Amino acid sequence: PLGRRRGPSWRGCGGPAGGMGLEPEPLFQAWSYFRRRKFRQCSDLCSQLLERPPGEQEPDSEYTVFQAAWSLKTRALTEMVYVDEIDMDQEGIAEMVLDENAIAQVARPGTSLKLPGTSQGGGPSPAVRPVTQSGRPITGFVRPSTQSGRPSTMEQAIKTPRTALTARPITSASGRYVRLGTASMLTNPDGPFINLSRLNLAKYAQKPKLAKALFEYIFHHENDVKNALDLAALATEHAQFKDWWWKVQIGKCYYRLGLYREAEKQFKSALKQQDMVDTILYLAKVYLRLDQPVTALNVFKQGLDRFPGEVTLICGIARIYEEMNNISSAAEYYKDVLKQDNTHVEAIACIGSNHFYSDQPEIALRFYRRLLQMGVYNCQLFNNLGLCCFYAQQYDMTLSSFERALFLAENQEETADVWYNLGHVAVGIGDLNLAYQCFRLTLVNNNDYAEAYNNLAVLEMRKGHIEQARALLQTASSLAPHMYEPHFNFAILSEKVGDLQRSYTAAQKSEEAFPGHVDTQQLIKQLKQHFAML
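This is the structure we're talking about:
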């Protein structure tokens, strides 16, 4: 056939070149590695190009091979440690407690994230849906900012777990950036690729093609915000303040330095020059850090006028409503997200969680099954599937889902969550011995699990072990002062044994955590009658 005659002749043409006819040009090969996200190979190949003698370069070219290799290696090193600044926003203890920005301490209802309960969102009460330390319902999707809360005291901040992965408090949000800043020592054994202290920033600011790659390297890889800001200021001056990209980068630097009002000015100026979704997201992020959620909502809605149907903007609105405890509005916006993108994992998970806590486990099960069909395969999903199956009375799937969740658990915190939910299943079927063992296994995997201490205390009370129950309840209330259950149970226990003073104190704490709890109000009323008789 014709193809067989072509093959040898084509291979024969490459023969005299010594086998090098098929080798691509090194810079093109490095660019190919970069496009395929093989950044290590790209960086190594660029290093070989940079080590060539200067005589091999083309002196007359405006953008020499040396400059191209330098720029490409800079971009490859940046991509290795790149973190999206929009989503990765986590306040540490230092940022929360030592924040010097002037924010109204007594905000109007529904205008502050510090008072989430003020918004009348019609969401489920804490009796149905568990809440975080800051008083917000636990979301259906873990985000860097949802689990942090806003502690009012240093003791409360240190006690409370900050992330879903660790029970230890994060001392500062800059911890992540410090680790990124040491990346230069890992990527180059001989030292950093670029010595920033000897860099003439004014020279590079006049070369826009190199300056942008260099800025991202300094900002993300070296974490030197000051030098990055200097370079951005010189570059935007060279561009006669007409380049919106540099204004956004200056705003990012100001935000990282805690100068939120200056960052706001830069982002607004950039939006006047060029409408970009990212800039809108950055501006809303500034307002959220300044505790102005209503202004952030207005920014998102103005963005939707310019970018109708943009998923990230609709999702941003839904997140804010969720943080303000306006669950019904959040669910509506998450549904709008799914109209635009029916594979959006966060929206599906949050709607499923909302249905579960609204006593509709069958509908929640459909959403979690949808996630499973999309390829999400982790411990959290099977954990939620197991709970939905149990409450939807599909008992044949319950235990198999929890077994799969235990198998997929990546750390002890996830294992503890699964055993805790298995304990609830055991309580539901009336096997209290199994429930006791499950809650014990929860504490073996995570000894800061306040809910497990509370439930164990209830089981001990049923057995008549008063002292053990009291100790467990005190532990639970100290670990999670925002939960009303340990305080209420301790009040009931103290009232039964005749310790009315402790019972009254615990009941007041329970009422503070959940003002609408009827049983607590009745208990306080009874105790006041006792005190009046005395």
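Residue numbers (full-length UniProt numbering): 1 to 534. Where a beta carbon is used, it is the ideal one built from N, C-alpha and C, also for glycine. Fair warning: this is a prediction, and the values are worked out from it, not measured in the lab.
- Residues of the same chain with a CB within less than 8 Å of the CB of VAL225, apart from the 5 flanking positions on each side, are PHE219, CYS253, ARG256, LEU257 in chain order.
- The beta carbon of PRO26 is closer than 8 Å to those of LEU45, GLN48, LEU49 in its chain, skipping five residues each way along the sequence.
- Taking the Cα of ALA349 as reference, the smallest distance to any Cα among ASP359, ILE317, LEU385, MET324 is reached at LEU385.
- Remark: C-beta atoms of ALA347 and TYR368 do not approach each other more closely than 7 Å.
- The Cβ atoms of LEU473 and PRO486 sit closer than 7 Å to each other.
- The residue from LEU283, ALA69, LEU338 with its alpha-carbon nearest to that of LYS301 is LEU283.
- Note that the stretch 363–382 touches the stretch 404–412; at least 3 beta-carbon pairs, one per stretch, sit closer than 8 Å.
- For PRO515, no alpha helix (DSSP H) segment is defined, and its DSSP state is neither H nor E.
- Look at VAL131 here: in three-state DSSP terms it is strand.
- Shown here, ALA491 sits in a helix according to DSSP, grouped into three states.
- By the criterion of a C-beta distance shorter than 7 Å, GLY309 is surrounded in its chain by GLN340, once the five residues flanking it on both sides are discounted.
- ALA506 and LEU229 have their C-alpha atoms spaced approximately 52 Å apart.
- Annotation: PHE241 to ILE86 spans about 24 Å, alpha carbon to alpha carbon.
- With a threshold of 16 other beta carbon atoms within 10 Å, GLU264 meets it and is buried.
- One alpha carbon belongs to SER478, the other to LYS528, and they sit about 25 Å apart.
- With contacts defined by Cβ atoms closer than 7 Å, ALA435 and VAL427 form a contacting pair.
- It is roughly 21 Å from the alpha-carbon of CYS389 to the alpha-carbon of THR442.
- Only buried fits ILE351, as 16 or more other CB atoms lie within 10 angstroms of its CB.
- A straight-line Cα-Cα distance of about 28 Å links VAL128 and THR343.
- In the three-state reduction of the DSSP assignment, HIS344 falls in the coil class.
- Note on the stretch 326–391: there is no whole beta strand (DSSP E) run with a minimum of 3 residues.
- GLU310 sits in coil when the DSSP states are folded into three classes, being neither helix nor strand.
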